[in-house]
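Quick look at the structure:
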């Protein structure tokens, strides 16, 4: 998958991976890979700055935990992050519907 295709969607992808669970950074990268069937293989230099940005925005909270015997910073969604994810999902559905109609050659419903 082209990196350009992810522009504007990385935050939503990270929020979605953390929905309902707490993960450390590398586990987030692995979850993105697994959920995308290997299509998303993001470098740490892309993911970690985005996690810090989302934390500063109040969408994530982090804490130090011991995971598999190692001290790691884990991330989880805040209430604001859950709301942001819900909004991103609605926006994504609208976006894919519009783009699908155009690329699929379907006629767009007439305005009433």
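Numbering (the numbering used here), first residue to last: 132 to 243.
Quick reminder that beta carbons are idealized off the backbone N, C-alpha and C, glycines included.
Note that the coordinates shown come from a computational prediction; the quantities given were computed from them, not determined experimentally.
What first and last residue would you give for the alpha helix (DSSP H) that runs through residue 199? Unbroken run through residue 199: none, as it is neither H nor E.
May I ask you to list the residues that DSSP assigns as paired with residue 192? DSSP, once it has assigned bridges, lists 207 as partnering residue 192.
If you compare alpha carbons, which of 235, 222 and 151 is closest to residue 210? Answer by Cα proximity: 151.
By how many angstroms is the C-alpha of residue 158 removed from the C-alpha of residue 149? C-alpha separation (whole angstroms): 10 angstroms.
Measure from the alpha carbon of residue 147 to the alpha carbon of each residue in 214, 203, 187 and 180, then state which is nearest. Nearest of 214, 203, 187 and 180 to residue 147, Cα basis: 214.
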